[in-house]
Amino acid sequence: MGRKEQIKGKCLFCGHEATRAGMGKHFSKCSPLQEKINNSAKGKGKQQILFHLLVQDAWGGDFWLHMEMNGSAKLEELDSYLRYIWLECCGHMSNFTIGKQWGDEIPMRTKAERIFKRDITLFHTYDFGTSSETLVKVIGEREGSPLTKHPIVLMARNNLPEVSCMKCSKVAKWMCQECQIEHDESGLLCDEHVKNHPHDDYGEPIKIVNSPRLGMCGYDGPADPPY
Ligand SMILES: [Zn+2]
Ligand SMILES: [Zn+2]
Ligand SMILES: [Zn+2]
Ligand SMILES: [Zn+2]
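So for the sequence shown, our numbering puts the first residue at -3; every next one is plus one.
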């Protein structure tokens, strides 16, 4: 069985780098985060259950997020967050189902605390045509005050996967969709080879951003977190 190298990411509290599984174990040892948790306990934020979520693209897991979500927040908040950071191209429909795609649908207005419990996995589908699928796994929970005024806190995120230019071996920063769709090539291009690239039937080459939806239905980012 081939094992490819796992994409690492960064803890947003201390900068520590780890794989998505390693990161799950890091947080209990992350002193800036633990300090924040202690401080928030003294604040006036409402005590509630807070869920530790591992969110990843369903088909490779190179793209992943660790986040903490308030138990009182609704699934629609998570849907908006995923759209903002990874998915939104043209306002397609989306849903959450239990365990697998096309399983029992969970209404968007459901509060996290009504559905989440340790080890449950929700399946998120964005766009029922050119669909993007995301797994949301509950890997922990704690009782406490939220760390911010937002319903979700991003705790760690994968680094942009490094890919090489199809013409040379330099790091690719661009992707040509015409190469992919019409010529069965990767379409990955470095800063040098993107210049004077001859294709524009599917638009100019798009900048590679940190999202599993890149290039699908013309998605071109920006793939930044909403907060
Ligand atoms: Zn850390
Ligand atoms: Zn679209
Ligand atoms: Zn190149
Ligand atoms: Zn091309």
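C-beta: ideal position from N, C-alpha, C; glycine also.
Taking C-beta separations shorter than 6 Å and ignoring five residues to either side along the sequence, the partners of L83 in its chain run Y122, S128, R209, following chain order. Residue state for A152 is assigned as strand, using DSSP reduced to three classes. In this structure, the straight-line span from the alpha carbon of K113 to that of A14 is close to 25 Å.
Excluding five sequence positions before and after Y77, the CB atoms of its chain that fall closer than 7 Å to its own CB belong to I148, P222, given in chain order. In the structure shown, H189 adopts coil according to DSSP, grouped into three states. Residue pairing by DSSP puts D53 in a beta bridge opposite T130.
The residues E174, E178, in chain order, have a CB closer than 8 Å to that of D197 in the same chain once the five nearest residues on each side in sequence are set aside. If you draw a straight line from the Cα of K163 to the Cα of L185, it is about 7 Å long. In the structure shown, A168 falls within a coil segment according to DSSP collapsed to helix, strand and coil. In the three-state DSSP reduction, M89 falls in the coil class, being neither helix nor strand. Sequence-distant Cβ neighbours of T126 in its own chain, meaning closer than 8 Å and more than five residues away, are M212, C213. L29 carries a helical assignment under DSSP once its states are collapsed to helix, strand and coil. Residue pairing for L46: DSSP places it in a beta bridge opposite N66, R138. A Cβ-Cβ contact shorter than 8 Å links K32 with L143. Here A17 is not near G140, since their CB atoms are 8 Å or more apart. With the rule of 3 Cβ pairs closer than 8 Å, the region 36 to 52 counts as touching the region 129 to 137. For H146, no pairing in a beta bridge is given by DSSP. Exclusion of the five residues before and after C26 leaves C7, F9, C10, H12 as the residues of its chain whose Cβ lies within less than 8 Å of its Cβ.
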